[in-house]
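Here the structure is laid out as structure tokens; the discussion comes afterwards.
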Amino acid sequence: MRTKLVAGNWKMNGGLAQNKALLEGVMAGVAGFNGMQAAVCVPFPYLAQAQQALAGSKVAWGAQNLSQHDKGAYTGEVAASMLLDFGCRYVIVGHSERRSLYGESDELVAAKYEAAQKAGLTPILCVGETLEEREGNITEQVVGRQLDAVIARSGVASLAKAVVAYEPVWAIGTGKTATPEQAQAVHAFIRGKIASLDKGVADGLVIQYGGSMKASNAAELLSQPDIDGGLIGGASLVVEDFVAICQAAQR
Ligand code: 13P
Numbered sequence: 001m002r003t004k005l006v007a008g009n010w011k012m013n014g015g016l017a018q019n020k021a022l023l024e025g026v027m028a029g030v031a032g033f034n035g036m037q038a039a040v041c042v043p044f045p046y047l048a049q050a051q052q053a054l055a056g057s058k059v060a061w062g063a064q065n066l067s068q069h070d071k072g073a074y075t076g077e078v079a080a081s082m083l084l085d086f087g088c089r090y091v092i093v094g095h096s097e098r099r100s101l102y103g104e105s106d107e108l109v110a111a112k113y114e115a116a117q118k119a120g121l122t123p124i125l126c127v128g129e130t131l132e133e134r135e136g137n138i139t140e141q142v143v144g145r146q147l148d149a150v151i152a153r154s155g156v157a158s159l160a161k162a163v164v165a166y167e168p169v170w171a172i173g174t175g176k177t178a179t180p181e182q183a184q185a186v187h188a189f190i191r192g193k194i195a196s197l198d199k200g201v202a203d204g205l206v207i208q209y210g211g212s213m214k215a216s217n218a219a220e221l222l223s224q225p226d227i228d229g230g231l232i233g234g235a236s237l238v239v240e241d242f243v244a245i246c247q248a249a250q251r
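Mind the numbering: the sequence shown is residues 1 to 251 in my numbering, read in order.
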């Protein structure tokens with residue numbers, strides 16, 4: 001049985017005072033929840049704040065990006081070991097905003113995924129198609145290619161220590177959610193593709209949905225057989241909304 005994972009991706013939002021209320025609110029809100037895991041992926045400068053606020057609670061924390069390199073002359077970059085220093089469990093890799101706005105290729109994403117795992121972090125690998133790609137009926141081709149890059153570099157067994165997030169680009173921040181059927185179809189494709197290589201890994205793999213998931217649509221999305229949680233943008237910035245999604249993820 002897979003445990004559902006609901007992770008907030010704060011993106012480039014927040015500030016010390018706001019974060020305090022949000023972290024405390026989420027921590028209190030999920031304290032009594034069972035059979036689900038909650039996490040927040042915060043901007044780098046606030047990792048120490050998240051660690052201080054959340055240590056010993058049910059809420060895990062992580063980052064939104066990392067360098068593929070261990071250390072050295074890479075101005076402005078952050079290494080996996082630094083994330084570990086601040087108690088991170090998770091790190092998002094290959095978010096569509098990194099792919100499209102910062103030119104991250106499938107190969108670079110695969111290198112970051114490997115760097116995260118080598119350090120003992122759990123990568124949350126984001127995959128997903130653009131609207132143009134969906135309309136061109138190449139969703140499976142695109143998602144398959146994004147997965148293949150990681151499998152080629154780290155092997156299918158590496159997915160036993162990773163999370164995959166299916167995030168259709170056209171549903172991110174647009175208020176346009178994939179229907180539960182649309183999302184389930186791609187989740188089943190992802191699990192089936194991995195099952196063809198290793199059934200055990202596929203059965204255990206947590207596959208989150210991301211893209212305008214909110215309190216009002218979470219329960220239906222999360223009731224799909226292959227949807228094992230959510231990667232939440234906008235709704236993760238509002239305590240009540242994020243907690244409501246976590247509530248819907250309980251077993
Ligand atoms: P929204 O929930 O704001 O659509 O963002 C989804 C996302 O990109 C999470 O990584």
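Backbone N, C-alpha and C fix where the C-beta goes; we use that ideal spot for every residue, glycine too.
Report, in whole angstroms, the separation of the C-beta atoms of residue i and residue j, which I expect to be a contact under 8 Å.
{"i": "VAL93", "j": "LYS118", "result": "Actually they do not touch by this definition, with Cβ atoms about 13 Å apart."}
{"i": "ASN9", "j": "GLN52", "result": "Contact flag wrong, Cβ pair sits at about 20 Å."}
{"i": "ILE124", "j": "ALA7", "result": "7 Å"}
{"i": "GLU167", "j": "GLY211", "result": "5 Å"}
Taking the straight line between their C-alpha atoms, what separation do you get for residue i and residue j?
{"i": "ASP241", "j": "THR177", "result": "16 Å"}
{"i": "PHE44", "j": "GLU129", "result": "27 Å"}
{"i": "ALA152", "j": "LYS11", "result": "29 Å"}
{"i": "GLY204", "j": "LEU54", "result": "27 Å"}
{"i": "VAL156", "j": "MET1", "result": "20 Å"}
{"i": "LEU47", "j": "GLY32", "result": "24 Å"}
{"i": "GLN141", "j": "GLY229", "result": "23 Å"}
What does DSSP give as the partner residues of residue i in its beta bridges?
{"i": "VAL40", "result": "GLY8 and TRP61"}
{"i": "LEU231", "result": "ALA7 and GLY210"}
{"i": "VAL91", "result": "ALA63 and PRO123"}
For residue i, which residues of its own chain have a beta-carbon under 6 Å away from its beta-carbon, when the five flanking residues on both sides are left out?
{"i": "ASN217", "result": "THR177"}
{"i": "THR3", "result": "GLN37"}
{"i": "ARG251", "result": "GLY35"}
{"i": "ALA165", "result": "ILE124, CYS126, GLN208, GLY210 and LEU231"}
{"i": "LEU222", "result": "ALA248 and ALA249"}
{"i": "GLU77", "result": "SER67"}
{"i": "SER57", "result": "MET27"}
If you measure from the beta carbon of residue i to each beta carbon in chain B, is any gap under 7 Å?
{"i": "VAL40", "result": "Of the protein chains in this structure there is only one, and it is not chain B."}
Excluding sequence positions up to five away, which residues of its chain have a Cβ less than 8 Å from the Cβ of residue i?
{"i": "GLY192", "result": "ALA202"}
{"i": "GLN49", "result": "LEU16, ASN19, LYS20, LEU23 and VAL42"}
{"i": "LEU237", "result": "GLY8, TRP10, ASN13, GLY14 and LEU22"}
{"i": "ALA215", "result": "ALA235, GLU240, ASP241, ALA244, ILE245 and ALA248"}
{"i": "ARG262", "result": "No statement about residue 262 is possible, as the shown extent of the chain runs from 1 to 251 and does not include it."}
Taking 6 Å as the line, does the beta carbon of residue i fall inside it for any heavy atom of ligand 2?
{"i": "GLY234", "result": "Ligands in the displayed structure: ligand 1; ligand 2 is not one of them."}
Please list, in chain order, all residues of the same chain as residue i whose beta carbon is under 7 Å from its beta carbon, the five residues on each side excluded.
{"i": "PHE86", "result": "LEU47, ALA48 and GLN51"}
{"i": "CYS88", "result": "LEU47, TRP61, GLY62, ALA63 and LEU121"}
message: Ignoring anything shorter than 4 residues, give me the alpha helix (DSSP H) runs that lie fully in the region 121 to 197, in order along the chain.
response: 131 to 135, 139 to 154 and 180 to 195
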